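Some notes on the structure that comes next.
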Amino acid sequence: MVKRVGVDVVAAAVRGQALPSPGLKDAPVLELMCSHFVLTLAAKQGPKFNVRRDLNGLLSLTGRHLVWPAPVLNRLREFLGRRCAGNEVWKGIEALDGRTMLERHGTWRGPYEEGTLFFYLDEYAKDQPKDLLSVLSVTRDWLTHALRKQSTLVEKNIDALAGLLQLNKAERALLLYGTLARYQRDLRSLLVEFKVNNAPEAYAAIADIAGVSASEVGEALRAGSRLERIGLVENLISEHNITDLADLMKVSEKLPPVLMREYRDQNELMAVFTRPSAKSVLTADDFSFVADEAQMLITLLRAAVARKEPGVNVLMYGPPGTGKTELAKVVAQAAGLELFEVEYADRDGNSLSGRDRYRSLQIAQVFLKGSAQAALLFDEVEDVFPPISTEAAQFMSRAEQMPAPASGMSGSVSGKAWVNQILESNPVPTLWVTNRIEQIDPAFRRRFAYHLELKSPPPGAREQLVKKTLEGVTVSEAFTAKLAERKGLTPAQIRTAVRFAGLARTDDADEASVEALIERQLRNADLALGTLDSGRGERRSVTTYDLDMLNVETRFEIPRIVEAIKARGHGTLCFYGAPGTGKTALA
Numbered sequence: 001m002v003k004r005v006g007v008d009v010v011a012a013a014v015r016g017q018a019l020p021s022p023g024l025k026d027a028p029v030l031e032l033m034c035s036h037f038v039l040t041l042a043a044k045q046g047p048k049f050n051v052r053r054d055l056n057g058l059l060s061l062t063g064r065h066l067v068w069p070a071p072v073l074n075r076l077r078e079f080l081g082r083r084c085a086g087n088e089v090w091k092g093i094e095a096l097d098g099r100t101m102l103e104r105h106g107t108w109r110g111p112y113e114e115g116t117l118f119f120y121l122d123e124y125a126k127d128q129p130k131d132l133l134s135v136l137s138v139t140r141d142w143l144t145h146a147l148r149k150q151s152t153l154v155e156k157n158i159d160a161l162a163g164l165l166q167l168n169k170a171e172r173a174l175l176l177y178g179t180l181a182r183y184q185r186d187l188r189s190l191l192v193e194f195k196v197n198n199a200p201e202a203y204a205a206i207a208d209i210a211g212v213s214a215s216e217v218g219e220a221l222r223a224g225s226r227l228e229r230i231g232l233v234e235n236l237i238s239e240h241n242i243t244d245l246a247d248l249m250k251v252s253e254k255l256p257p258v259l260m261r262e263y264r265d266q267n268e269l270m271a272v273f274t275r276p277s278a279k280s281v282l283t284a285d286d287f288s289f290v291a292d293e294a295q296m297l298i299t300l301l302r303a304a305v306a307r308k309e310p311g312v313n314v315l316m317y318g319p320p321g322t323g324k325t326e327l328a329k330v331v332a333q334a335a336g337l338e339l340f341e342v343e344y345a346d347r348d349g350n351s352l353s354g355r356d357r358y359r360s361l362q363i364a365q366v367f368l369k370g371s372a373q374a375a376l377l378f379d380e381v382e383d384v385f386p387p388i389s390t391e392a393a394q395f396m397s398r399a400e401q402m403p404a405p406a407s408g409m410s411g412s413v414s415g416k417a418w419v420n421q422i423l424e425s426n427p428v429p430t431l432w433v434t435n436r437i438e439q440i441d442p443a444f445r446r447r448f449a450y451h452l453e454l455k456s457p458p459p460g461a462r463e464q465l466v467k468k469t470l471e472g473v474t475v476s477e478a479f480t481a482k483l484a485e486r487k488g489l490t491p492a493q494i495r496t497a498v499r500f501a502g503l504a505r506t507d508d509a510d511e512a513s514v515e516a517l518i519e520r521q522l523r524n525a526d527l528a529l530g531t532l533d534s535g536r537g538e539r540r541s542v543t544t545y546d547l548d549m550l551n552v553e554t555r556f557e558i559p560r561i562v563e564a565i566k567a568r569g570h571g572t573l574c575f576y577g578a579p580g581t582g583k584t585a586l587a
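1 is the number of the first residue of the sequence shown in this note's numbering; add one for each residue after it.
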């Protein structure tokens with residue numbers, strides 16, 4: 001809902017011998033804030049502001065909101081009577097009182113509408129520049145008084161954000177002014193006209209209005225500043241390239257929509273950037289196959305929070321369906337911590353880029369810094385790190401000497417320093433989950449406090465996980481065992497399939513029907529994801545396999561190797577050679 005100026009404020013202007021422009025009482029408060037901001041900047045410029053030269057540009061934003069001193073209005077009426085003598089549109093102007101004159105001719109429709117006083121205003125300004133300066137001054141003072149009684153949603157949300165992120169007054173002011181410039185394009189165009197000789201002069205101009213020091217403004221807009229790291233400002237330019245005040249309006253385009261929404265409380269605002277992770281139905285007992293690792297992680301998280309240890313990051317990796325995300329939730333719960341999750345989509349459901357997710361991580365770290373018992377889950381982190389080719393990833397994982405990948409290819413975080421900084425200094429312990437560790441530069445991997453590879457659970461453990469996920473669903477033991485054989489199947493996929501079956505089943509559906517619906521959903525999902533069991537499409541051998549037909553170079557004969565593996569029960573072999581030489585068949 002757009003707030004508007006109250007009638008009592010307009011009435012006060014009338015009592016003070018100043019008349020407001022038509023429609024001023026219905027003007028949105030954010031538009032009045034834009035006008036007040038630019039009028040204050042113009043006043044602070046002093047002699048640098050030339051009313052004859054700069055008036056029309058200023059009126060493009062403020063023309064709707066002018067407050068006219070009665071003496072100025074009288075002199076303007078006399079001027080128009082002389083200037084427009086014989087013009088039918090202006091007939092009888094001399095006899096009109098100020099209010100009627102403004103109602104007929106004082107509505108802003110641009111500088112070239114002949115039936116409005118603005119058509120002649122720049123001509124009047126050449127003769128009476130002080131009168132126009134007086135109008136601008138009275139308007140600014142009126143807006144100052146009026147806006148003191150207003151509290152906009154944007155300001156309220158900036159205050160809430162400032163409380164959560166511990167933003168100082170300069171940072172808050174820059175978020176407000178930058179949001180106004182995003183909201184009102186005419187304001188940004190006007191700010192381009194406020195030229196400066198250097199960056200300190202620009203900082204001083206903004207600082208003067210915000211009531212802070214120029215150094216605080218400069219620090220807030222420095223490359224790598226806190227506002228930039230957490231993504232509230234973007235595309236900052238170097239100091240020597242700053243030529244006008246528009247160069248300081250660098251609020252992220254994604255912030256104004258966030259600030260212009262209503263939130264019930266701070267938690268709902270925080271949920272834009274991070275949210276409590278859904279509780280897992282599993283327990284540490286369900287991960288008995290990695291019991292030692294799980295217990296170690298629980299101890300690690302407890303100690304990190306108790307000692308307020310910075311830079312505690314755990315990288316959990318392995319193929320899909322191995323339980324990485326569920327284990328992360330389980331160890332956080334067992335450690336007595338509330339687990340929050342870095343967002344992967346915005347409020348409208350649009351997926352976030354890697355850069356946006358990284359910035360959400362940064363904001364979440366600041367949000368949760370003061371929380372006594374909190375940890376963060378950052379799932380599917382591949383898109384956050386700079387992209388590298390599969391070949392480069394494989395080489396780097398062996399040599400770990402590859403130079404940094406080039407930036408600018410995607411929405412990932414291109415700066416190594418930024419990623420390294422959070423891996424070394426983040427105040428909230430974070431569990432990072434990925435399917436493809438090879439895509440992460442070893443320079444980043446080295447900075448994790450601990451690395452945990454999760455392989456496919458053994459059959460017994462996998463069946464227990466499936467049973468736990470299927471609790472409350474009527475299915476047979478054989479069906480449970482069948483699902484447990486699918487190595488890449490995740491608890492989340494099973495829950496989705498169960499939900500589908502619950503919605504798609506008929507009232508009289510029996511156990512077999514429910515099983516068929518679950519299997520159908522999983523099969524179609526596999527088809528869509530390209531993860532159908534490769535065994536289904538295996539080509540049958542049409543010849544008899546014969547070891548004697550192989551040309552093998554090995555230290556030991558094949559039968560001896562087979563006997564050794566039989567005796568020990570396990571072993572690792574590496575087969576290599578040209579395509580089509582029988583490596584897979586031999587395995």
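No residue lacks a Cβ here, since even glycine has one placed at the ideal position from N, Cα and C. Here the structure is a predicted model, which is why all the values come from computation and not from measurement.
- Item | Option nearest E309 by Cα separation, candidates A375, E114 and W432 | A375
- Query: In terms of DSSP beta bridges, what is M249 paired with?
  - Reply: Answer by DSSP bridge pairing: none, since M249 is not bridged.
- Item | Opening and closing residue of the alpha helix (DSSP H) in which H145 lies | P129 to R148
- Message: Along the chain, where does the beta strand (DSSP E) containing E338 start, and where does it finish?
- Response: E338 to V342 is the span of the beta strand (DSSP E), which, as asked, contains E338.
- CA nearest to the CA of V154, picked from K487, A173, T243 and H145: For the residues K487, A173, T243 and H145, the minimum Cα distance to V154 belongs to A173.
- Just list the beta strand (DSSP E) runs in the region 252-281, keeping only unbroken ones of 3 residues or longer that don't cross its boundaries, in chain order. 274-276
- What residues are listed by DSSP as bridge partners for L377? E341 and L431
- Extent of the continuous beta strand (DSSP E) run through L589: Outside the shown range of the chain, which is 1 to 587, sits residue 589, and nothing can be said about it.
- Query: Of the residues R83, Y317 and N87, which one's Cα is nearest the Cα of K455?
  - Reply: Minimum Cα distance to K455 is reached at Y317.
- Beta-carbon proximity of A335 to W142, cut-off 8 Å: no
- Message: For E453, report the span of its beta strand (DSSP E) as first-last.
- Response: Y450 to E453
- Query: Count the other CB atoms within 10 Å of the CB of E123; is the residue buried (16 or more) or exposed (fewer)?
  - Reply: Around the CB of E123, fewer than 16 other CB atoms lie within 10 Å, so the residue is classed as exposed.
- For the alpha helix (DSSP H) holding P442, just list the boundary residues, first then last. P442 to R445
- Count the other C-beta atoms from every protein chain shown that fall within 10 angstroms of the C-beta of G112, then say buried if there are 16 or more, exposed otherwise. Rather than Gly, the amino acid found at residue 112 in this sequence is Tyr. With fewer than 16 Cβ atoms within 10 Å of its Cβ, Y112 is classed as exposed.
- Query: So M249 packs on Y203, CB below 8 Å; how close in whole Å?
  - Reply: The Cβ separation is near 13 Å, so there is no contact.
- Residue range of the beta strand (DSSP E) that N313 falls in? N313 to Y317
- Is it right to say K324 is buried, meaning 16 or more other beta carbons lie within 10 angstroms of its own, or is it exposed? buried
- Message: Please return the same chain residues whose Cβ sits closer than 8 Å to the Cβ of A160, not counting the five positions on each side in sequence.
- Response: Y263, Q266 and L269
- Query: In this structure, does DSSP put P579 in helix, strand or coil?
  - Reply: coil
- Query: If G354 sits next to V384, beta carbons under 8 Å apart, how far is it from one beta carbon to the other, in whole angstroms?
  - Reply: 5 Å
- Task: Would you mind working out which of L452, A443 and D510 sits nearest S476, comparing C-alpha positions?
- Result: Nearest to S476 by alpha-carbon distance, out of L452, A443 and D510, is D510.
- Item | Anticipated Cβ contact below 8 Å, F367 with W432, distance rounded | So it is not a contact: roughly 18 Å between Cβ atoms.
- Message: Contact between the region 227-234 and the region 357-365 is defined here as three or more beta-carbon pairs at a separation below 8 Å; is this criterion met?
- Response: yes
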